[in-house]
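Presented below is the structure to which this report refers.
In the numbering used here, the protein residues as written are 22 to 186.
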């Protein structure tokens with residue numbers, strides 16, 4: 022196995038993506054519009070954010086962001102978690118393919134560095150940042166699973182619902 026930054030990143034990305042898909046697929050459809058707190062996203066919107074982030078990643082490694090133009094309005098999330106998880110997997114495959122086939126990745130990407138502030142960020146820092154953001158949202162989602170009365174799958178080790186012994 023190569024020890025290049027790309028191969029290390031892709032190996033971690035694939036592992037984390039698989040964990041995220043497991044967590045999303047464990048969520049019950051009848052709780053997708055649950056409101057866990059007044060200022061929290063619904064599970065549907067939180068899961069759909071992960072799908073949209075794959076599109077952002079693909080943009081970062083292909084064309085980069087053009088902040089002078091408004092972003093297109095995001096489509097409404099699907100009605101079932103299966104459809105959302107399927108869209109996440111499809112977007113993930115598109116992103117990974119774009120990353121692998123782009124021979125001249127940009128050195129930096131223009132992205133937010135603070136409130137209403139844009140700056141150039143090294144591409145690999147941005148890609149790792151977005152992966153950590155996915156992990157963060159997956160953690161939120163595991164709490165949502167508990168609130169919905171669903172079983173939390175094993176993520177990095179045993180859970181109360183998936184013991185290893």
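For each residue, glycine too, the CB sits at the ideal point set by N, CA and C.
Would you mind giving the Cβ-Cβ distance between residue 49 and residue 169, rounded to the nearest angstrom? I have them listed as a contact below 8 Å.
So it is a contact: roughly 6 Å between Cβ atoms.
DSSP three-state call for residue 163: helix, strand or coil?
Looking at residue 163 - three-state DSSP - the assignment turns out to be helix.
Considering only residues of the same chain and omitting the five flanking positions on each side of residue 115, which have a CB-CB separation below 8 Å?
So the qualifying residues of the chain are 75, 79.
Taking just the CA atoms, how far does residue 51 sit from residue 129?
Taking the straight line joining both Cα atoms gives about 42 Å.
Is the segment 63-75 in contact with the segment 100-108, if contact means three or more CB pairs nearer than 8 Å?
Verdict: yes, contact present.
So, is residue 47 buried or exposed, given that buried needs 16 or more other C-beta atoms within 10 angstroms?
Its Cβ being crowded by 16 or more others within 10 Å, residue 47 is buried.
Please tell me whether residue 132 and residue 139 are closer than 8 Å, where the distance is taken between their beta carbons.
Yes. Within cutoff.
Pull up the distance between the alpha-carbon of residue 162 and that of residue 44, whole angstroms please.
Roughly 7 Å separates the two Cα atoms.
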